[in-house]
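Peer 1: One structure, pasted below without further comment.
Protein chains: 2
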Amino acid sequence: MSLRYALLAILTAAPLTGYETAKRFEGSVGHVWHAPDSQIYPELRRMETEGLVQGREERWGPNSTKTRYYITAEGESAFRGWMSEPLRYAPWRDVAHMQAAYFEWTDPDSVRMHLQQHAQHYEEQIAQWSSQVQAIESHEHPMIAARLQRYPAEQHARIVAFKSFAYEGLIRLAQAEVDWANSGLALLEELEAQDAEGAG
Amino acid sequence: MSLRYALLAILTAAPLTGYETAKRFEGSVGHVWHAPDSQIYPELRRMETEGLVQGREERWGPNSTKTRYYITAEGESAFRGWMSEPLRYAPWRDVAHMQAAYFEWTDPDSVRMHLQQHAQHYEEQIAQWSSQVQAIESHEHPMIAARLQRYPAEQHARIVAFKSFAYEGLIRLAQAEVDWANSGLALLEELEAQDAEGAG
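Same order as they appear, the protein sequences are chains A and B.
Using the numbering used here, you'd call the opening residue of the first sequence number 1 and step up by one each time.
Using the numbering used here, you'd call the opening residue of the second sequence number 1001 and step up by one each time.
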């Protein structure tokens, strides 16, 4: 169901064709809620059936048409409704931490590889999300630009502030992952020093 | 596939019946990798078919038997193999941050409710994971006790250290979530103050 709300979120910024929706998704809300194109197209059609969006045929080239999706009043109301309901939190599933709990089953070099890879992965995420924050705050992000054009000026501050805030939360999480991996590398050295002492 | 490795991890501590596996799962690795019982039983049977565990029938009461699962050499080798392969990181999917990006669609009271709920949820997780760390470090956790009995003393330090380390990572993440929610509450006050100024 989250995909549906992510798609409604995008369509509150501008009416889009299926193709544009998939592209804009990837460059905006897809950073926070990943979904492949193969899920996006059928979900848009389901949403149309349920009256949350309206598809309008548009001329596309000399002999063909394409569908542009407009959020309906019902779609906006579903989106607002979701916004005012408490979230249900899914139980935790994290394979990196699960694996780390059993690191005694591999050699120190593998542990080091895993922890370095973990830190690197989340450093890359930080870089990616930080550039999103920058594009949001400078209003250069195409979705932000479209959104600001559509909504009155007195709403602009909070539109921008909440989007930055969402990404800043992800950056905090990624930083916690990097710090954790680094503390693991320190732990590994400690354990190796203890082993060396034990053997000495 | 992660469920399979989580089950192998448990069975490296002790051979268990299906029922015991499900119970022990919930009290240990299930904190990090949640899975319902309905997934655990069929996966154990598949693992038996593939030779990763061996089921041995045991007498259970006067007229019945139950199956106890023992990890095989092949199972241990699969577990070690997984441990030495780099992880593939799944793309991000986080509904709380996704929703926060569009908080301008609801009123300040709903935003406050979401952020307070978010902080509370992760504070509860911190409490739960902290009590796991305590039970691990005191060796009172039943799975740790079983595991330490099974493996030589020179491995005990790392067995305990890595398990604590895994949970400490989760606590760091949960703390980052709490801090983020609190920063959101501060942001909300700021935006409300700006609105009041604008209206004044």
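Idealized CB from N, CA, C, for every residue including glycine.
For the alpha helix (DSSP H) that contains A:Thr106, what are its first and last residues?
Peer 2: That residue, A:Thr106, is in no alpha helix (DSSP H); it is neither H nor E in DSSP.
Peer 1: With respect to the beta strand (DSSP E) encompassing A:Gln54, which residues constitute its N-terminal and C-terminal limits?
Peer 2: Val53 to Trp60
Peer 1: Taking only beta-carbon positions, decide if A:Lys66 is within less than 8 Å of chain B.
Peer 2: Residue contact with chain B for A:Lys66: absent (no Cβ-Cβ distance below 8 Å to any residue of chain B).
Peer 1: Rank B:Gly1075, B:Ser1038 and B:Met1113 by C-alpha distance to the C-alpha of A:Leu87 and give the top, closest one.
Peer 2: Check the Cα spacing between A:Leu87 and each of B:Gly1075, B:Ser1038 and B:Met1113: the tightest is with B:Met1113.
Peer 1: Select from the region 61–86 of chain A all residues with a C-beta closer than 8 Å to any C-beta belonging to chain B, and list them in chain order.
Peer 2: Phe79, Arg80, Trp82, Met83, Ser84 and Pro86
Peer 1: Kindly say whether B:Thr1017, judged by its beta-carbon, lies nearer than 8 Å to any beta-carbon of chain A.
Peer 2: no
Peer 1: Reducing DSSP to helix, strand and coil, say where B:Arg1172 ends up.
Peer 2: helix
Peer 1: Roughly how many whole angstroms lie between the Cα atoms of B:Glu1168 and B:Val1133?
Peer 2: 8 Å
Peer 1: Leaving aside the five residues before and after A:Thr215 along the sequence, list all residues of the same chain whose C-beta is less than 8 Å from its C-beta, in chain order.
Peer 2: Coverage of chain A is limited to positions 1 through 200, which leaves residue 215 of chain A absent and any answer about it impossible.
Peer 1: Tell me the residue span of the beta strand (DSSP E) that contains A:Ala67.
Peer 2: Reading the sequence as shown, one finds Thr at residue 67 of chain A and not Ala. Segment Ser64 to Ile71, the beta strand (DSSP E) holding A:Thr67.
Peer 1: DSSP three-state label for B:Trp1033, please.
Peer 2: strand
Peer 1: For A:Lys23, which option in A:Phe103, A:Pro142, A:Glu137 and A:Gln54 has the closest C-alpha, if you only look at C-alpha atoms?
Peer 2: A:Pro142
Peer 1: May I ask you to verify whether the region 138–154 of chain A touches the region 1004–1011 of chain B, counting CB pairs closer than 8 Å and requiring at least 3?
Peer 2: With the rule of 3 Cβ pairs closer than 8 Å, the region 138–154 of chain A does not count as touching the region 1004–1011 of chain B.
Peer 1: Starting from A:Arg88, trace the alpha helix (DSSP H) in both directions and tell me its first and last residue.
Peer 2: Unbroken run through A:Arg88: none, as it is neither H nor E.
Peer 1: Grab the span of the alpha helix (DSSP H) containing B:Met1001 for me, first residue to last.
Peer 2: No alpha helix (DSSP H) contains B:Met1001, which DSSP labels as neither H nor E.
Peer 1: Between A:Gly27, A:Ala14, A:Gln54 and A:Gly75, which has its C-alpha nearest A:Tyr5's C-alpha?
Peer 2: A:Gly75
Peer 1: Hey, is A:Arg93's beta-carbon within less than 8 Å of any beta-carbon in chain B?
Peer 2: yes
Peer 1: DSSP beta-bridge partners for B:Thr1017?
Peer 2: B:Arg1068
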